[in-house]
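S.K.: Pasting a structure below so you can have a look.
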Amino acid sequence: MSALLDIDGLSVDFDGFPACHDVRLHVAAGETLGIVGESGSGKSVAMLATMGLVDAPGRVTATRIDFDGRNLLALPARERRRIVGRDIAMVFQDAQSSLNPSYTVGAQIGEVLGTHLGLRGAARRRRVVELLEQVEIPDAARRQHAFPHQLSGGMNQRVMIAMAIACEPRLLIADEPTTALDVTIQAQILALLRRLQRERGMALILISHDLAVVAETADRVAVMYAGEVVEHNAVPTLFDAPHHPYTAALLAAIPARSHGNARLAALPGVVPGRDDRPPGCLFEPRCAHAVAACRAARPALLAPPVQRRLPSDSPAGLATASTPAPTAGRGAPDDRVGQAACAVVTVAQARDRTYGEAPSSRALTMLAERAQGALVRCIKPLNLDVADANDHDLHAASVVAARPGAAADELPGDFR
1 MSALLDIDGL
11 SVDFDGFPAC
21 HDVRLHVAAG
31 ETLGIVGESG
41 SGKSVAMLAT
51 MGLVDAPGRV
61 TATRIDFDGR
71 NLLALPARER
81 RRIVGRDIAM
91 VFQDAQSSLN
101 PSYTVGAQIG
111 EVLGTHLGLR
121 GAARRRRVVE
131 LLEQVEIPDA
141 ARRQHAFPHQ
151 LSGGMNQRVM
161 IAMAIACEPR
171 LLIADEPTTA
181 LDVTIQAQIL
191 ALLRRLQRER
201 GMALILISHD
211 LAVVAETADR
221 VAVMYAGEVV
231 EHNAVPTLFD
241 APHHPYTAAL
251 LAAIPARSHG
261 NARLAALPGV
271 VPGRDDRPPG
281 CLFEPRCAHA
291 VAACRAARPA
301 LLAPPVQRRL
311 PSDSPAGLAT
321 ASTPAPTAGR
331 GAPDDRVGQA
341 ACAVVTVAQA
351 RDRTYGEAPS
361 SRALTMLAER
371 AQGALVRCIK
381 PLNLDVADAN
391 DHDLHAASVV
401 AARPGAAADE
411 LPGDFR
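Numbering (the UniProt record's numbering), first residue to last: 1 to 416.
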């Protein structure tokens, strides 16, 4: 099968820092390629460079970036713009931040239709409603007049997908399309992407931190680390017998239901940045198999040291494990003992944010509600009636916001 997109030797440099180096990727029509790796591995930058969206001081070089046999790097800017956004489209990270808060979602989808297809007036308005219906937004004729802040995170993600498929692209790049969404909404978004791909015959590149999502969705996987592709293989082969130690470490960290309360295999350290890149193998400081030669040069990858098999219920059948909440009554402490202090097992939202219902976050912060499937263990028992609790009592519990970029104050303390 010939490649629809063929990337060879792609490098992106920011003032001497190699965000991507010698990336080689390809995807065929109708195929799904997953790209995984920690934050800072270069996944998004590589795709932004493919789209021509890396601005100064970024510098993009490549042997070739071929789309349907045409080298995008050799095309005039006007010709490349005809392809990017129409034949190649991208769903960006964090829909709430990517959408313009000053325009309705219908206007933003309409802008894509006007720019690339020349649609105007009633024809454009009809097409906007059709696209919203295709991404399964209820009452689409009314929702097109909503602003992004009036829609839930799941709905905004669907709007982003509607914008991306507006021109019926042949290749869709989805950058973390399920970030900050409830598990139920994640499943709906992934099912939507698969349906659209099947109906339209699109190629799909899925960028994700979630190995379970990639295992369920992708045909092949590229693993990136510190700007380089360290492993690239079919999903069954890569998950069954990873060749690179980094891939093996990522797979070892997957929580499997059969592990019970056993401690997860953590990967120490962080992805190297500008000032701490090792001279030899980039993974050497974190690798459990590193030897002296790894510190001087990058060793050739020969074969997997261990034929590692995942538990039978992983990763394709991976499911988040949850422990039912105690039912002792309002204000009653968790009477289970021998557990790590302040461990939160899975918070499975009892309600769905797709259609705007409020999340049951008080199950964590005020302990006023116990969401089904959620178990909160506190450092010390909270022997209090939440209805009568004061601010001092509630300092024993806190919450980490789902979207830190939107939750944090934009102004430092001196400017408030």
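For each residue, glycine too, the CB sits at the ideal point set by N, CA and C. As the structure is a computational prediction, the values presented were derived from the model and not from experiment.
Assuming I109 and A162 make a contact with CB atoms under 8 Å, what is their CB distance in whole Å?
M.R.: Indexing the sequence shown from 1 puts residue 109 at position 109. Indexing the sequence shown from 1 puts residue 162 at position 162. Yes, I109 and A162 are in contact; Cβ-Cβ is about 6 Å, under 8 Å.
S.K.: Considering only the beta carbon of each residue, do D219 and T32 sit closer than 9 Å?
M.R.: Counting from 1 along the sequence shown, the entry for residue 219 is found at position 219. Counting from 1 along the sequence shown, the entry for residue 32 is found at position 32. Yes, the pair counts as a contact, with Cβ atoms nearer than the cut-off.
S.K.: Provide the residue(s) that pair with V27 in DSSP beta bridges, ordered along the chain.
M.R.: Locating residue 27 in the sequence shown gives position 27, where the first residue counts as 1. Beta-bridge pairing links V27 to L5.
S.K.: Is it true that the CB of V84 sits closer than 9 Å to the CB of G52?
M.R.: Position 52 of the sequence shown, counted from the start, is the residue given in the question as residue 52. Position 84 of the sequence shown, counted from the start, is the residue given in the question as residue 84. Contact: yes.
S.K.: Quick one: what does DSSP say H149 is sitting in, helix, strand or coil?
M.R.: Stepping through the sequence shown from its first residue, residue 149 is reached at position 149. Helix, per DSSP.
S.K.: Go ahead and label S41 buried or exposed: buried means 16 or more other beta carbons lie within 10 angstroms of its beta carbon, across all protein chains shown.
M.R.: As a position in the sequence shown, residue 41 is number 41, starting the count at 1. With 16 or more Cβ atoms within 10 Å of its Cβ, S41 is classed as buried.
S.K.: For a test of the three-state rule: what should DSSP assign to P245, helix, strand or coil?
M.R.: Within the sequence shown, the letter at position 245 stands for residue 245. P245: helix per DSSP, three-state reduction.
S.K.: Between G16 and R143, what straight-line distance do the alpha-carbon atoms span, to the nearest angstrom?
M.R.: Residue mapping note: residue 16 aligns to position 16 of the sequence shown, counting from 1. Residue mapping note: residue 143 aligns to position 143 of the sequence shown, counting from 1. If you take the alpha carbons of G16 and R143, they lie about 46 Å apart.
S.K.: For the alpha helix (DSSP H) containing I189, list its first residue and its last residue.
M.R.: Along the sequence shown, read from residue 1 onward, the residue named residue 189 stands at position 189. Per DSSP, I189 belongs to the alpha helix (DSSP H) from 183-200.
S.K.: Please state whether the Cβ-Cβ distance between L196 and P177 is less than 9 Å.
M.R.: For the purposes of this step, residue 196 is taken as the residue at position 196 of the sequence shown. For the purposes of this step, residue 177 is taken as the residue at position 177 of the sequence shown. No; because the gap between Cβ atoms is not below 9 Å, this pair is not in contact.
S.K.: Reducing DSSP to helix, strand and coil, say where D240 ends up.
M.R.: To locate residue 240, count along the sequence shown from 1; it is residue 240. It is helical.
S.K.: Measuring straight from C-alpha to C-alpha, what distance separates residue 457 and Y103?
M.R.: The structure shown does not extend to residue 457, since the chain is modelled only from 1 to 416, so the question has no answer here.
S.K.: Going by DSSP, what residue range makes up the alpha helix (DSSP H) through G114?
M.R.: The residue given as residue 114 occupies position 114 in the sequence shown. Note, G114: alpha helix (DSSP H), 105-117.
S.K.: Could you tell me whether the Cβ atoms of M160 and L99 are closer together than 9 Å?
M.R.: The residue labelled residue 160 in the question sits at position 160 within the sequence shown. The residue labelled residue 99 in the question sits at position 99 within the sequence shown. Result yes, Cβ atoms of M160 and L99 sit closer than 9 Å.
S.K.: Skipping 5 residues on each side, what residues in its chain have a beta carbon closer than 7 Å to that of Q157?
M.R.: Taking the first residue of the sequence shown as position 1, residue 157 is located at position 157. Cβ within range, chain order: A95, P177, L181, I189.
S.K.: Among P279, L25, L193, which has the Cα closest to the Cα of E216?
M.R.: By 1-based counting over the sequence shown, the position of residue 216 is 216. Taking only the C-alpha atoms, the option nearest E216 is L193.
S.K.: Confirm, please, whether the CB-CB distance from S11 to A62 is below 9 Å.
M.R.: On the sequence shown, residue 62 is found 62 positions in, with the first residue counted as 1. On the sequence shown, residue 11 is found 11 positions in, with the first residue counted as 1. Yes; because the gap between Cβ atoms is below 9 Å, this pair is in contact.
S.K.: Give the range of the beta strand (DSSP E) segment to which G269 is assigned.
M.R.: Position 269 of the sequence shown holds residue 269. Where G269 is concerned, there is no enclosing beta strand (DSSP E), given that its DSSP letter is neither H nor E.
S.K.: Rounded to the nearest angstrom, what separates N261 and A253 at their Cα positions?
M.R.: Here residue 261 refers to the residue found at position 261 of the sequence shown. Here residue 253 refers to the residue found at position 253 of the sequence shown. Near 13 Å, if we compare the C-alpha coordinates of A253 and N261.
S.K.: Helix, strand or coil: how does DSSP classify E79 here?
M.R.: Translated into positions along the sequence shown, residue 79 becomes position 79. Residue state, collapsed to three classes: helix.
S.K.: Just verifying my parser: in three-state terms, what is the DSSP assignment at L251?
M.R.: Numbered from its first residue, the sequence shown carries residue 251 at position 251. L251: helix per DSSP, three-state reduction.
S.K.: Looking at the structure shown, is I161 part of a helix, part of a strand, or coil, going by DSSP?
M.R.: The residue labelled residue 161 in the question sits at position 161 within the sequence shown. Reduced to three states, the DSSP call for I161 is helix.
S.K.: Assuming A218 is part of the alpha helix (DSSP H), what are its boundary residues?
M.R.: Start at 1 with the first residue of the sequence shown, and residue 218 comes out as number 218. Element bounds for A218: n/a, residue is neither H nor E.
S.K.: Terminal residues of the continuous alpha helix (DSSP H) containing S44?
M.R.: Counted from its first residue, the sequence shown places residue 44 at position 44. S44 -> alpha helix (DSSP H) spans 43-51.
S.K.: Using beta-carbon positions only, say whether V45 and V54 come within less than 9 Å of one another.
M.R.: By one-based count along the sequence shown, residue 45 stands at place 45. By one-based count along the sequence shown, residue 54 stands at place 54. Closer than 9 Å, so yes.
S.K.: Could you please give me the residues that DSSP links to A205 through a beta bridge?
M.R.: Along the sequence shown, read from residue 1 onward, the residue named residue 205 stands at position 205. The residue you asked about is not Ala; residue 205 is Ile in the sequence shown. Per DSSP, L33, I173.
S.K.: DSSP on P359, reduced to helix/strand/coil?
M.R.: Residue mapping note: residue 359 aligns to position 359 of the sequence shown, counting from 1. Only weak support is given to the placement of P359: the predicted model assigns it a pLDDT of 39, under 50, and the question is left unresolved by the model.
S.K.: Which same chain residues, not among the five before or five after P169, have their C-beta less than 7 Å away from its C-beta?
M.R.: Start at 1 with the first residue of the sequence shown, and residue 169 comes out as number 169. Only R86, D87, I88, A89, M202 meet the Cβ criterion.
S.K.: Tell me, to the nearest whole angstrom, how far the beta carbon of G49 is from that of C20; I am working on the premise that it is less than 8 Å.
M.R.: Locating residue 49 in the sequence shown gives position 49, where the first residue counts as 1. Locating residue 20 in the sequence shown gives position 20, where the first residue counts as 1. The sequence given here places Ala at residue 49; Gly does not occur at that position. About 7 Å; that satisfies the 8 Å criterion.
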